[in-house]
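Engineer: Please read through the structure below; I'll follow up with questions.
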Amino acid sequence: MTLVDIEAVPQQQTGVARSAAISRTWTRRALWIAYGGMFLMCLSTSLDAQSTINLNSFATSSFKAHSLLSTVSVITNILNAVMQPPIAKLADVFGRTEAFTLGIILYIIGCILASTSGSIGMYAFAKLFDAAGNTSLRMLQQVFIADTSDLLNRALMSSVPDIPYLATVWIGPFIGGPLGDKGLWRWGFGMWAIITPIMSAPLFWSLWRNSVKAKKMEEWPEYPWKGKGCKAVGVVCKEIDLIGMILLTAGFALLLGPLTLGKQVANGWADPRLIACFILGGLCLIAFPFWETSRFTPYPIVPFSLFKNRTVMCGCLLGFFYFMAFFLSVQPYFFSYLVVAHNLSATAAGHITQIFSFSCTVTVLIIGTAIKYTKVYKPYLVVGIFIYSIGILLMMFFRNIDTSIGAIIGIQIMVGIGGGFINVPCQLGIQASVSSQDVGCATAVFLTMISLGGAVGSAISGAIWSSLLKRKLQNYLPTESLPELELIYGDFNKAASYGMETATRTAVRQSYDETMHMLLIVAICSCIPLLPLGVFMRGLKLDTVEVEDKGIIIGGGGKKEEKTEVEEVKTALPNSTRI
């Protein structure tokens, strides 16, 4: 066993202790019902995601702001990132059921606001709630799986939320495409405010029922602020690390949010408002680690011990660059590129953009099963990095207006397979290297870094797209089309409305093609750190990393007293021991 520096393991917070108590009330039948309920929730949210992902293009174009598509994507990814540690902390403090409830409420608000938005600003505001709700539900699904499965089965069970994508990647465009073509994109967002809560009801009922059973047990913990009167507010703020939440959320939002707005404001990057955002965001992020390690933070939102764990750090950075490359190569402009440069319909373009999700999901299921029987994760991770990086490199050479659609599809499949080799093994390696108290937090940090990579990738792609595409259009458009430059630049439907044989469409296709090529050059550069980061992660043998008794779990009987790798080492060696 590989040994690491061990910090004192903190006392479990109420939400973690309650989750452990609930786990001891599960019967195998009830647990499988809960997983069935989670599958229904994932089916609904994945169908939502696959049907609405391309509606973003129609929504922004309806406000004559298609160039701000990356800004909406950045906002979404920032919220995907910054919401995960706070939600994980709220789940640790208040409980899993309560955190799930908050997530579904945020999701419903987001759907309603998106469907009723009257401006690009209101639409972006709606995406804040939508992203927060979706992120909360996805992250809590992984925490629930970690709570209710052993390590050998966790890779396979972690793929349960991805299974619906095998169908929804194909069904979604048939829903979203026609709605967008007919100008009914608002219905595409609003209907999920009704469908998803109904589909999620079995999971919520199952969690609530077992919570009621667990409350009858003597070990059911009460909230530490109960009976403290006015002092309860201070206790809650310390438990959830409110200041840490604010510093982390504000820091990333202020730093990444304005990156795509440099060309949209009058003074460009010299605008005082943008400069102020960058300065304040940087100061918040600088202050964050100092606050997290201070004596005023008994329960930090990101425990400092995670930063000393090599596997956690390498895995999180790997996830960052992996998703950064994805949001430079597949999202957010690939759909528009296919419609304009290759003259595909919205439905056909939607299917091609979703090939990554399909091939990735199939691979995740295969790799999860393989990990269960081989009991290792690292070899799959390294192979996945090779496949993914080579796929992005091939994109750079073969994604152009002269390439056949078949070649583009083949490369998308290859990149999706590489992503499937990376996703689950990387997350599993991180979870296997931390204690039970930190599993939720470590998972949240990993998912946060993935989303931050997406946010940075979206910000860079938006900055390149907004500056380079307009310049290319100015250079290539025929003189008679220059008065329509702003319309062509701001609305991809307008760009695709010209006949394929016209000089204007030829100029537009060339502009889109050269801009996409630049995005892919940056994408392959972001793949360079992936291999060394994967190699430096510890190659744990998963059947030697035991987990504590959780009662009835997937893959375990809950009959023996066990310890996590970290707790086992802590009892055997002094804190300063290293190997």
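To convert, note that position 308 of the sequence shown is 371 in the working numbering; the numbers rise steadily by one, no gaps.
Ideal Cβ placement from N, Cα and C applies to all residues, glycine included.
Give me, in chain order, the residues of the same chain whose beta-carbon lies closer than 6 Å to that of Pro321; leave out the 5 immediate sequence neighbours on both sides.
Structural biologist: Taking the first residue of the sequence shown as position 1, residue 321 is located at position 258. Once the five neighbours on either side are set aside, the close Cβ partners of Pro321 are Leu337 and Cys340.
Engineer: Within the chosen definition, does the region 517 to 535 reach the region 384 to 394 through at least 3 CB pairs nearer than 8 Å?
Structural biologist: Cβ pair count under 8 Å is three or more, so yes.
Engineer: Which residues in the same chain as Leu142 place their Cβ atom closer than 7 Å to its Cβ, once the five residues preceding and following it in sequence are excluded?
Structural biologist: Within the sequence shown, residue 142 is the residue found at index 79, counting from 1. Closer than 7 Å at the Cβ level, and outside the excluded window around Leu142, lie Leu191, Ala194, Ala195 and Thr198.
Engineer: List in chain order: all unbroken alpha helix (DSSP H) runs of 4+ residues lying wholly within the region 569 to 608.
Structural biologist: Complete alpha helix (DSSP H) runs here, min 4: 593 to 599.
Engineer: Evaluate Phe351 with the Cβ neighbour count: other Cβ atoms within 10 Å of its Cβ, from every protein chain shown; 16 or more gives buried, anything less gives exposed.
Structural biologist: In the sequence shown, the residue the question calls residue 351 occupies position 288. Looking at its Cβ environment, which holds 16 or more other Cβ atoms inside 10 Å, Phe351 is buried.
Engineer: Does Ser182 come out as helix, strand or coil in the three-state DSSP assignment?
Structural biologist: Against the sequence shown, residue 182 aligns to sequence position 119. Here Ser182 sits in coil by DSSP.
Engineer: Do you know how far the Cα of Ser499 is from the Cα of Ile208?
Structural biologist: To locate residue 208, count along the sequence shown from 1; it is residue 145. To locate residue 499, count along the sequence shown from 1; it is residue 436. Their backbone Cα atoms lie some 13 Å apart in a straight line.
Engineer: Counting only the same chain and skipping the five closest in sequence on each side, list residues whose C-beta sits under 8 Å from that of Thr506.
Structural biologist: Mapped onto the sequence shown, residue 506 falls at position 443. Hits under 8 Å: Ala151, Met202, Gln205, Val206, Ala209, Gln490, Ile493 and Gln494.
Engineer: Can you check whether the CB of Asn216 is closer than 7 Å to the CB of Phe398?
Structural biologist: Residue numbering aside, residue 398 sits at position 335 when the sequence shown is read from its first letter. Residue numbering aside, residue 216 sits at position 153 when the sequence shown is read from its first letter. Against a cut-off of 7 Å, the Cβ pair of Asn216 and Phe398 comes out as no contact.
Engineer: For Ser392, write down the residues that DSSP places opposite it in a beta bridge.
Structural biologist: The count along the sequence shown starts at 1 and reaches residue 392 at position 329. Answer is none; Ser392 lacks a bridge partner.
Engineer: Applying the criterion that 16 or more other CB atoms from any shown protein chain within 10 Å of the CB defines a buried residue, is Asp606 buried or exposed?
Structural biologist: In the sequence shown, counting from the first residue as 1, residue 606 sits at position 543. So Asp606 ends up on the exposed side.
Engineer: If you check the beta carbons only, do Pro284 and Ala80 fall under 7 Å apart?
Structural biologist: Position 221 of the sequence shown, counting from 1, holds the residue named residue 284. Position 17 of the sequence shown, counting from 1, holds the residue named residue 80. Yes; because the gap between Cβ atoms is below 7 Å, this pair is in contact.
Engineer: Run the CB neighbour count on Gly525, radius 10 Å, all protein chains shown included, and call it buried at 16 or more, exposed below.
Structural biologist: Against the sequence shown, residue 525 aligns to sequence position 462. Buried is the call here.
Engineer: Only counting the same chain, and skipping five residues up and downstream in sequence, which positions put a Cβ closer than 7 Å to that of Asp304?
Structural biologist: Taking the sequence shown and counting its residues from 1, one reaches residue 304 at position 241. Lys152, Thr360, Tyr362, Pro363 and Ile364, listed in sequence order.
Engineer: Expressed to the nearest angstrom, what Euclidean distance is found between the alpha-carbon atoms of Thr231 and Gln417?
Structural biologist: In the sequence shown, counting from the first residue as 1, residue 231 sits at position 168. In the sequence shown, counting from the first residue as 1, residue 417 sits at position 354. For Thr231 and Gln417, the distance between alpha carbons rounds to 9 Å.
Engineer: What did DSSP end up calling Lys633 once you bin it into helix, strand or coil?
Structural biologist: Position 570 of the sequence shown, counted from the first residue, corresponds to residue 633. In this prediction, Lys633 scores a pLDDT of 36, lower than 50, which makes its location untrustworthy; no coordinate-derived value is stated.
Engineer: Could you tell me the alpha carbon to alpha carbon distance between Ala122 and Cys347, rounded to whole angstroms?
Structural biologist: In the sequence shown, residue 122 corresponds to position 59, counting from 1. In the sequence shown, residue 347 corresponds to position 284, counting from 1. Approximately 33 Å between the Cα atoms of the pair.
Engineer: Assuming the contact rule is C-beta atoms closer than 8 Å, Cys423 and Gly482 should be a hit. Round their C-beta distance to whole Å, please.
Structural biologist: Position 360 of the sequence shown, counted from the first residue, corresponds to residue 423. Position 419 of the sequence shown, counted from the first residue, corresponds to residue 482. Their Cβ separation, rounded to whole angstroms, is 4 Å, which keeps Cys423 and Gly482 in contact under 8 Å.
Engineer: Out of Met376, Ser107, Leu444 and Cys588, point me to the one whose CA is closest to Met459's CA.
Structural biologist: Counting from 1 along the sequence shown, the entry for residue 459 is found at position 396. For the residues Met376, Ser107, Leu444 and Cys588, the minimum Cα distance to Met459 belongs to Cys588.
Engineer: Please name the residue, chosen from Thr437, Gly454 and Thr312, that lies closest to Leu583 on a Cα-to-Cα basis.
Structural biologist: Taking the sequence shown and counting its residues from 1, one reaches residue 583 at position 520. Residue Gly454 is the option with its Cα nearest to Leu583.
Engineer: Between which two residues does the alpha helix (DSSP H) harbouring Ile338 extend?
Structural biologist: Within the sequence shown, residue 338 is the residue found at index 275, counting from 1. Unbroken alpha helix (DSSP H) run through Ile338: Pro335 to Glu355.
Engineer: Which whole runs of the beta strand (DSSP E) in the region 388 to 434 are 3 residues long or more, in chain order?
Structural biologist: Complete beta strand (DSSP E) runs here, min 3: none at all.
Engineer: With Ile464 and Asp576 assumed to form a contact (beta carbons below 8 Å), what rounded beta-carbon distance in angstroms separates them?
Structural biologist: In the sequence shown, the residue the question calls residue 464 occupies position 401. In the sequence shown, the residue the question calls residue 576 occupies position 513. Ile464 to Asp576, Cβ: 5 Å. Contact.
Engineer: How big is the Cα-Cα spacing for Gly307 and Ala144?
Structural biologist: Translated into the one-based positions of the sequence shown, residue 307 becomes position 244. Translated into the one-based positions of the sequence shown, residue 144 becomes position 81. Distance between the alpha carbons of Gly307 and Ala144 is about 14 Å.
Engineer: Just confirm the distance between the C-beta atoms of Met262 and Leu369, as a whole number of angstroms; I'd bet it's less than 8 Å.
Structural biologist: Reading the sequence shown from its first residue, position 199 is the one you call residue 262. Reading the sequence shown from its first residue, position 306 is the one you call residue 369. Not a contact, Cβ separation roughly 34 Å.
Engineer: Just the C-alpha distance for Ser269 and Ser82, rounded to the nearest angstrom, thanks.
Structural biologist: One-based indexing of the sequence shown puts residue 269 at position 206. One-based indexing of the sequence shown puts residue 82 at position 19. Computed Cα separation, rounded: 13 Å.
Engineer: Using the Cα positions of Ile523 and Trp332, report the straight-line distance between them to the nearest angstrom.
Structural biologist: The count along the sequence shown starts at 1 and reaches residue 523 at position 460. The count along the sequence shown starts at 1 and reaches residue 332 at position 269. Their backbone Cα atoms lie some 14 Å apart in a straight line.
Engineer: According to DSSP, is Tyr451 helix, strand or coil?
Structural biologist: Here residue 451 refers to the residue found at position 388 when the sequence shown is read from its first residue. It is helical.
Engineer: Determine the direct distance from the alpha carbon of Thr432 to that of Ser222, and round the result to whole angstroms.
Structural biologist: By 1-based counting over the sequence shown, the position of residue 222 is 159. By 1-based counting over the sequence shown, the position of residue 432 is 369. Distance between the alpha carbons of Ser222 and Thr432 is about 10 Å.
Engineer: Spatial neighbours of Lys435 within its chain, please: CB distance less than 7 Å, with the 5 preceding and 5 following residues excluded, ordered by chain position.
Structural biologist: Start at 1 with the first residue of the sequence shown, and residue 435 comes out as number 372. Around Lys435: Leu215, Asn216, Ala218 and Leu219.
Engineer: Using the rule of at least 16 other Cβ atoms within 10 Å of the residue's Cβ for burial, across every protein chain shown, is Val296 buried or exposed?
Structural biologist: Looking up residue 296 in the sequence shown gives position 233. Exposed, because fewer than 16 other Cβ atoms sit within 10 Å of the Cβ of Val296.
Engineer: For Thr466, tell me which candidate among Thr511, Phe509, Ala404 and Ser514 has the shortest Cα-Cα distance.
Structural biologist: Numbered from 1 along the sequence shown, position 403 holds the residue referred to as residue 466. Closest option to Thr466, Cα to Cα, is Ala404.
Engineer: Helix, strand or coil, according to DSSP, for Ser221 in the structure here?
Structural biologist: By 1-based counting over the sequence shown, the position of residue 221 is 158. Coil.
Engineer: Taking Thr115 as the reference, which of Gly239, Val393 and Val446 has the closest Cα?
Structural biologist: Mapped onto the sequence shown, residue 115 falls at position 52. Among Gly239, Val393 and Val446, the Cα nearest to that of Thr115 belongs to Gly239.
Engineer: How would you write the range of the alpha helix (DSSP H) that Met563 sits in, first residue to last?
Structural biologist: Within the sequence shown, numbered from 1, the residue matching residue 563 stands at position 500. Element bounds for Met563: n/a, residue is neither H nor E.
Engineer: Return the chain-ordered list of same chain residues with a C-beta closer than 6 Å to the C-beta of Phe390, the five sequence neighbours on each side being excluded.
Structural biologist: In the sequence shown, residue 390 corresponds to position 327, counting from 1. Hits under 6 Å: Gly517, Gly520 and Ser521.
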